[in-house]
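One structure below.
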Amino acid sequence: MQSALLGPGRADHMEEVFTASGRMSAEERFRVYYRGYRLRLLGCMRGRYPAMVHLLGRELFDGFAMEYLDAHPSRSPTLDGLGAGFPDHLARTRPDTSADGTPPEAWIDLLIDLARFERDFAALHDAPATGSGDRRSFKARFPVHRYAAAVRRGEEPEPPGTEPVFLSLTRRDGTVVVHDLAASPSPPAA
7 MQSALLGPGR ADHMEEVFTA SGRMSAEERF RVYYRGYRLR LLGCMRGRYP AMVHLLGREL
67 FDGFAMEYLD AHPSRSPTLD GLGAGFPDHL ARTRPDTSAD GTPPEAWIDL LIDLARFERD
127 FAALHDAPAT GSGDRRSFKA RFPVHRYAAA VRRGEEPEPP GTEPVFLSLT RRDGTVVVHD
187 LAASPSPPAA
């Protein structure tokens, strides 16, 4: 069944995995299960990347997410790491990569920065506490942290403009705190 789910058409003996019913063939029953399985994975991706869903809209996000899921089928018994490779996949498959020297499109850079921020934020939030000050640093070309926070608050933020940020993400008592290090006052010179 796993090989059928991870690569439709690869199940050589579908009738051994699914049985036909009075109304549906084994293949039709499998397709119902397969569609439900994919929709559950897609729901997990939407839950992991809510600011991206807001930025792109559900239909466009779903297209990017399904392309990722097709290229990187889940092989884990848990869904914790399902979308971990999504930002890198977006960076590798960006449509504006060309050999003619055309500069990359800013909206794609924004999309990749936002995906990386949401991945790192969720990973830090969900990681087991080490007790030694769980922390990550994050560098982006856009203030994606503000955009993502506004989406989580239920606001309707505009996409951010270019504004390089260097962030520190720290988890304290189960809460991820984001500090913009570029916006913090510099320590006095010695």
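Number 90 in our numbering belongs to position 84 of the sequence shown; there are no gaps in the numbering.
Think of the CB as a built atom: it goes at the ideal place given N, C-alpha and C, for glycine as much as any other residue.
8 Å contact criterion, which residue i and residue j should meet: CB distance rounded
i	j	result
V171	A146	5 Å
L96	A121	6 Å
V157	P56	6 Å
M72	L45	Going by Cβ atoms, the distance from M72 to L45 rounds to 10 Å, so no, they are not a contact pair.
Close beta carbons around residue i, own chain, < 8 Å, minus the five adjacent residues each side
i	result
V59	R52, F67
P134	none
C50	L85, L88, G89
Residue range of the unbroken alpha helix (DSSP H) whose run includes residue i
i	result
A129	112-132
L6	The first residue shown for the chain is 7 and the last is 196, placing residue 6 beyond what the model contains.
Y39	32-54
Same chain, Cβ closer than 7 Å to residue i, neighbours up to 5 away in sequence not counted
i	result
H131	R177, V182
E169	F148, P149
P193	For P193, the pLDDT reaches just 47, beneath the cut-off of 50, and the residue's location in the model is therefore unreliable, although a value from the coordinates is still provided. For P193, where only same-chain residues beyond five positions count, there are no Cβ hits under 7 Å.
Three-state secondary structure assigned by DSSP to residue i
i	result
A105	coil
L173	strand
A90	coil
F67	helix
F148	coil
R178	strand
R259	Since the displayed the chain opens at 7 and closes at 196, residue 259 lies outside it and no answer follows.
R81	coil
R29	coil
R142	strand
A135	coil
E73	helix
Rounded C-alpha distance that separates residue i from residue j
i	j	result
H78	F123	20 Å
E162	V184	20 Å
L75	D86	14 Å
P109	F36	45 Å
A26	R142	51 Å
G180	D106	47 Å
P165	R41	32 Å
I114	L88	22 Å
D140	V38	42 Å
R98	L117	13 Å
A189	L173	9 Å
L187	S31	59 Å
P93	R64	17 Å
D126	D119	11 Å
F70	F144	23 Å
L175	L62	25 Å
G167	S104	24 Å
Sequence-distant residues of the same chain with beta carbon closer than 6 Å to residue i, five excluded per side
i	result
E111	D102
A195	Residue confidence is low: A195 scores 46 on pLDDT, short of 50, so the model does not pin down where it sits. No coordinate-derived value is stated.
G28	none
R100	I114
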